[in-house]
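K.L.:
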Amino acid sequence: MEYGVTDIDEHTEYQGNIWICDGRMIMARLNPLKPEAIPYKFVPYETVLHRFWGIGIPYMMNDSQDVMNSTGRALLDNAALTAGPMFQMDVSKLPEGTSLEDAKKVYPYRMWWYDGSDGEGPMIQAINIQSNQKDLSGIFELFRRFADEETSLPSYTHGEQTQSLNKTASGMSMLMTAANVALKSVVKNIDDYATVPLIESLFNFAMRWAEMDDKRGDLDVVPMGSAALVAKEIQSERMMNALNVTMNEVLGPMTDHRYLLNEYLKALDIDPDKALRPEEELYAQPTAPDQPGGGGDPAAGRQPGLPDTGRAPATSPGGNAGENVPRPGFNRIAHPAG
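First residue of the sequence shown? That's 0 in numbering that gives the first Met the number 0, and the numbers climb one at a time after it.
1) By DSSP, does THR46 sit in helix, in strand, or in coil?
2) Please return the same chain residues whose Cβ sits closer than 6 Å to the Cβ of ASN16, not counting the five positions on each side in sequence.
3) Count the other C-beta atoms from every protein chain shown that fall within 10 angstroms of the C-beta of ALA146, then say buried if there are 16 or more, exposed otherwise.
4) According to DSSP, is THR314 helix, strand or coil?
5) Relative to the C-alpha of ASP217, which candidate in PHE202, MET223, ALA209 has its C-alpha closest?
6) By alpha-carbon positions, which one of ASN68, TRP52, ARG257 ends up nearest to LEU281?
7) Cβ of GLU149 within 9 Å of Cβ of MET246?
8) Which of the three DSSP states, helix, strand or coil, is assigned to ALA27?
9) Check whether the Cβ atoms of THR70 and ILE138 sit closer than 9 Å, and answer yes or no.
10) According to the Cβ coordinates, are ILE56 and GLN87 closer than 9 Å?
11) Can you check which of these residues, LEU135, LEU141, LEU182, SER130, is closest to SER151 by C-alpha distance?
12) Please list, in chain order, all residues of the same chain as SER63 whose beta carbon is under 7 Å from its beta carbon, the five residues on each side excluded.
13) Is DSSP giving GLY83 helix, strand or coil here?
14) What did DSSP end up calling ILE189 once you bin it into helix, strand or coil?
15) Given GLN129, which residues of its chain have a CB within under 8 Å of its CB, disregarding the five upstream and five downstream residues?
16) Can you look up GLY22 in the DSSP assignment and give me helix, strand or coil?
17) Quick one: using the 10 Å Cβ neighbour count with 16 as the cut-off for buried, is PRO153 buried or exposed?
18) Tell whether a beta-carbon distance below 9 Å holds between TYR44 and ILE37.
19) Pick out whichever of ASN131, ASP89, LEU264, LEU75 has its Cα sitting closest to the Cα of TRP111.
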């Protein structure tokens with residue numbers, strides 16, 4: 000009431016929009032948004048209990064990163080110490096008149112002269128520090144793999160070729176499929192915490208403030224990001240399995256391979272109209288298969304479910320080669336030309 004807000008129920012909780020400048024409140028009003036919501040969105044990389052902002056990749060690999068940082072510093076320190084030997088010098092054996100400053104100057108092929116009658120042992124000895132770079136590199140690589148496991152983002156997902164990587168086509172496909180499982184949860188978080196709230200906020204704002212009384216209605220936002228990824232992947236796998244099954248000599252003639260190939264290409268986001276040759280062009284080839292009974296074995300050289308190639312032009316009884324006659328096409332089914 001003091002700030003001009005009326006019709007307040009003391010037993011009801013309200014959202015307020017309050018501005019404070021230099022410790023003084025300069026504006027206070029009820030939240031004008033309907034339904035009431037805080038107009039700020041956040042997208043957690045990975046959700047956790049009791050923390051609405053979640054955690055991200057740096058937090059997930061924090062322990063491994065600390066070890067890698069320490070190992071990297073130790074590796075550089077050890078590399079600096081082992082870059083060259085250290086020397087110890089018996090100053091009592093220095094030639095007369097040689098200063099310590101001059102003795103510090105060590106360079107290749109320098110000659111030192113001294114009288115060995117004063118005692119045993121050389122005047123200068125080299126001390127080599129043991130190199131532990133191989134062991135430190137192994138520790139660094141070990142915790143780098145730990146970081147991959149903690150973040151579910153293996154190095155091969157961003158192009159790095161590791162020694163243990165299976166570089167075959169099927170092996171890479173299996174690895175990428177397994178890695179995408181974690182990424183799909185991230186895409187789902189983007190859908191749930193960014194796409195849906197943002198579109199709902201825009202819809203509610205338009206319904207409240209836009210001048211379109213004749214176009215008001217209900218809207219339910221359905222995100223399809225992660226669902227579409229999963230569905231497309233499952234669809235492509237099913238289509239490939241179907242193609243493999245129908246290559247059987249018995250099942251092949253019963254199947255429309257062109258339809259299966261169309262659906263498989265669609266699941267891979269490839270336009271089948273551009274990837275596949277038109278049927279008219281395919282069946283109009285001069286190397287179309289012979290008609291059954293036209294001489295020779297019609298099944299010779301034929302693959303189940305695919306048009307024959309490398310055969311002589313079809314002829315009709317009493318006709319000439321190349322006439323517009325029905326020819327066997329896909330799956331050994333006669334396909335009328337024209």
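Each residue gets a CB set at the ideal place from its N, CA and C atoms; glycine is no exception. Small disclaimer: the values here were computed from a predicted structure and weren't measured.
P.N.:
To lay it out plainly:
1) As a position in the sequence shown, residue 46 is number 47, starting the count at 1. Three-state DSSP puts THR46 in a strand.
2) What you label residue 16 is simply residue 17 of the sequence shown in a count that begins at 1. A distance below 6 Å between beta-carbons, with the five flanking residues on each side excluded, links ASN16 to the following residues of its chain, in chain order: ARG28, ASN30.
3) Stepping through the sequence shown from its first residue, residue 146 is reached at position 147. Burial call: buried.
4) The residue labelled residue 314 in the question sits at position 315 within the sequence shown. Any answer about THR314 is weak, because its pLDDT of 45 lies below 50 and its placement is not dependable; what the coordinates show is given next. Three-state result, THR314: coil.
5) The count along the sequence shown starts at 1 and reaches residue 217 at position 218. Check the Cα spacing between ASP217 and each of PHE202, MET223, ALA209: the tightest is with PHE202.
6) Walking along the sequence shown from the start, residue 281 turns up at place 282. Ranked by Cα distance from LEU281, the options ASN68, TRP52, ARG257 are led by ARG257.
7) Sequence index remark: in the sequence shown, residue 149 carries index 150 (1-based). Sequence index remark: in the sequence shown, residue 246 carries index 247 (1-based). Taking 9 Å as the Cβ cut-off, GLU149 and MET246 do not qualify as a contacting pair.
8) Locating residue 27 in the sequence shown gives position 28, counting from the first residue. Strand, per DSSP.
9) Numbered from its first residue, the sequence shown carries residue 70 at position 71. Numbered from its first residue, the sequence shown carries residue 138 at position 139. Yes. Within cutoff.
10) Translated into the one-based positions of the sequence shown, residue 56 becomes position 57. Translated into the one-based positions of the sequence shown, residue 87 becomes position 88. ILE56 is not a Cβ neighbour of GLN87, given a cutoff of 9 Å.
11) Translated into positions along the sequence shown, residue 151 becomes position 152. Among LEU135, LEU141, LEU182, SER130, the Cα nearest to that of SER151 belongs to LEU182.
12) Taking the sequence shown and counting its residues from 1, the one referred to as residue 63 is at position 64. Excluding sequence neighbours, SER63 sits near PHE142, PHE145, ALA146, GLU149.
13) For this step, residue 83 is matched to residue 84 along the sequence shown. GLY83 falls in the coil class under three-state DSSP.
14) The residue given as residue 189 occupies position 190 in the sequence shown. Note: ILE189 maps to helix in three-state DSSP.
15) Along the sequence shown, one-based indexing puts residue 129 at 130. Excluding residues within five positions, the ones whose Cβ falls inside 8 Å are THR81.
16) Taking the first residue of the sequence shown as 1, we reach residue 22 at position 23. Three-state result, GLY22: coil.
17) Counted from its first residue, the sequence shown places residue 153 at position 154. By the 16-neighbour rule on beta-carbons within 10 angstroms, PRO153 is buried.
18) Taking the sequence shown and counting its residues from 1, the one referred to as residue 44 is at position 45. Taking the sequence shown and counting its residues from 1, the one referred to as residue 37 is at position 38. No. Outside cutoff.
19) To locate residue 111, count along the sequence shown from 1; it is residue 112. Residue ASP89 is the option with its Cα nearest to TRP111.
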